[in-house]
Amino acid sequence: MSPIRAFACVLLLVPPVAGAEPEVWPQWRGPTRDGLVAGAAWPDKLGGDALKRVWRVENLGPSYSGPIVTADRVFTTQTVDKKTEVVTAHDRKTGKELWKVSWEGAITVPFFAAKNGSWIRSTPAFDGKTLFVAGIKDLLVALDGATGKERWRCDFVKEFGAPPPDFGFVCSPLVDDTGVYVQAGGCFAKLDKATGKVLWTALKDGGGTMGSAFSSPVFARLAGKEQVLVQTRTKLAGVDRGTGEELWVKEIPSFRGMNILTPVPVGDDGVFTSTYGGNTRLLRLKSDGGQYSAQDAWSFKYEGNMTSPVVVAGHAYLLGKDKRLLCTNLETGKEVWRSEERFGDYWSLVANRDKVLALDQRGTLYLFRASAKEFDLLDQRKVADAETWAHLAVCGDEVVIRDLTGLTMWRWGVR
């Protein structure tokens, strides 16, 4: 585990005290970018007073961006009138609008992907001061979190001369103390946080159709080396955070480059992933005199789709292309169980202790136990009338959900 991930886990495990800062959701998949939180135990139900609506913002334009939650506000994005991208800051307690900024931003995705919409996709990242927002036209904008004032922007089409991505800027920015990392401009790039200057590039793929990365990078310490895990359309790689050196690269077969989910670091040397039209697998990394390589520890025929998995107690929970939930033992690579029930096309998953919240894109929130014995569904509840493709955010006793037409804050009640 990297020092950053370890530090975040320590923070999450510290019990709340009077006057303590509220828990936050600063990026794609949460504080440790793996869908895991560590807080008070969740109840076994979602209905009645177990989960109460606190506030709702109506009449928002569509967005696939997950909400970003800070100590005092919630950020969300939207595409308005199919031509303008808007970022809004809301008061965390009331939902009141604090500021709003916008810019021109629109594309038309290929006809075969039209059902997925032509609106903003990427989830922003917040480092405590600056909000990094990826616009669909391969644009990265840095905004002051307090005022919305633009600090800088990087137009990757102009910067690198690469064709614009056919499916838009999908990758969610990744941030550390030294920079912001994105898959854009037909490559993987690191930019200076203060200025937007490009520091280095790696994994160049030319942009256009196959350069439209669907996945998002994640930090990891594997085989004793700090690195960034990067899933391109066709390859999984480890990249040196400081220099951009490609430490290792592994081809990941899929249907038309449909490598979508965010890979999950496992232990000191493992990476779990699954792909549309391919396999579910665990890679093991090795180091030999500073040379790194990755090979399958195991692999079996089960197709992931868009859902990024959560890992609890050595087991991965993943909603696949068949719309069934799969539990896999990461040590053996054996399927433990697969749900009989079929769900929607996509879930966003957040796990706390032995329970998992799953937001189905059809607007239903599920609560199930992370059991290695069977699919143990505890409860379910309709939480939105519109589709919910954006990743849910869970901060202490608050659950924030962005659907295609609005933003809602829920709060755990009876425990």
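If you're matching positions, the sequence shown starts at 1 in the UniProt record's numbering and goes up one per residue.
For each residue, glycine too, the CB sits at the ideal point set by N, CA and C.
Item, Value
"Please report the straight-line C-alpha distance between C327 and D354, rounded to a whole angstrom.", "14 Å"
"Tell me the start and end of each unbroken beta strand (DSSP E) in the region 188–229 that is at least 3 residues and wholly inside, in chain order.", "198–202, 218–222"
"Cα-Cα, which of E331, Q295, T178, F272 is closest to S308?", "F272"
"For A20, name the three-state secondary structure that DSSP assigns.", "coil"
"Is the beta carbon of R121 less than 8 Å from the beta carbon of S65?", "yes"
"Per DSSP, which one or two residues make a beta bridge with L359?", "S348, L365"
"When you compare the CB positions of L283 and K235, do they come within less than 8 Å of one another, or not?", "no"
"If you follow the beta strand (DSSP E) that V398 is part of, which residue opens it and which one closes it?", "Reading off the sequence shown, one finds Glu at residue 398, where the question assumed Val. It spans 398–402 - the beta strand (DSSP E) in which E398 sits, taken as one unbroken run."
"Got a sec, what are the start and stop residues for the alpha helix (DSSP H) K158 sits in?", "156–160"
"Contact between the region 31–41 and the region 341–359: three or more CB pairs below 8 Å?", "yes"
"Label G26 either buried or exposed according to how many other C-beta atoms from any shown protein chain fall within 10 Å of its C-beta, with 16 as the threshold for buried.", "Here the sequence assigns Pro to residue 26, which means Gly is not the residue at that position. Burial call: buried."
"Take the Cβ of Q295 as the centre, count every other Cβ of all protein chains shown within 10 Å, and call the residue buried at 16 or more, exposed below.", "exposed"
"Helix, strand or coil: how does DSSP classify C395 here?", "strand"
"From what residue to what residue does the beta strand (DSSP E) around F375 run?", "F375 -> no beta strand (DSSP E), and no H or E assigned at all."
"Identify whether D296 lies in helix, strand or coil by the three-state DSSP scheme.", "strand"
"Going by DSSP in three states, N59 sits in which element: helix, strand or coil?", "coil"
"Determine whether the beta carbon atoms of K193 and T130 lie at a separation below 8 Å.", "yes"
"Report the residue from R241, R233, M210 whose alpha carbon sits nearest the alpha carbon of F219.", "R241"
"Any heavy atom of the ligand PLP inside 7 Å of the beta-carbon of K204?", "Of the ligands one can find in the structure shown there are none, so the ligand PLP has no counterpart to examine."
"For the beta strand (DSSP E) containing L46, list its first residue and its last residue.", "No beta strand (DSSP E) contains L46, which DSSP labels as neither H nor E."
"Just the Cα atoms here: how many angstroms apart are G344 and L229?", "28 Å"
"Between R402 and T76, which are expected to be in contact by the criterion C-beta below 8 Å, what is the C-beta distance as a whole number of angstroms?", "6 Å"
"Exposed or buried, what is R411 when buried is set at 16 or more other beta-carbons lying within 10 Å of its beta-carbon?", "exposed"
"Could you check which residue in Y292, L140, Y317, T70 has the C-alpha nearest to that of K373?", "Y317"
"Nearest to G413 by CA position, among G396, K190, G30, is which residue?", "G396"
"Out of S299, K286, D268, which one is the CA nearest neighbour of I252?", "S299"
"Excluding sequence positions up to five away, which residues of its chain have a Cβ less than 6 Å from the Cβ of S348?", "L359, H391, L392"
"Grouping DSSP H, G and I as helix and E and B as strand, with all else coil, what is R256?", "helix"
"In chain order, what residues of the same chain lie with their CB nearer than 6 Å to the CB of F7, ignoring the 5 residues before and after it?", "With a pLDDT of only 38 at F7, under the threshold of 50, the placement of this residue in the model should not be trusted; the figure read from the coordinates follows. Nothing listed; no residue qualifies."
"Cα-Cα, which of K301, A50, V356, K158 is closest to V311?", "V356"
"For a quick check, are the C-beta atoms of L51 and R381 less than 8 Å apart?", "yes"
"Indicate the three-state DSSP secondary structure (helix, strand or coil) for K250 in the structure shown.", "strand"
"In the DSSP assignment, find the unbroken beta strand (DSSP E) run with K149 in it and report its ends.", "No beta strand (DSSP E) holds K149; DSSP gives it neither H nor E."
"Under 8 Å, do G304 and G314 count as touching if we go by C-beta distance?", "no"
"State whether the region 197–217 contacts the region 156–171, with contact taken as three or more CB pairs (one from each stretch) at a distance under 8 Å.", "yes"
"Starting from Q78, trace the beta strand (DSSP E) in both directions and tell me its first and last residue.", "73–80"
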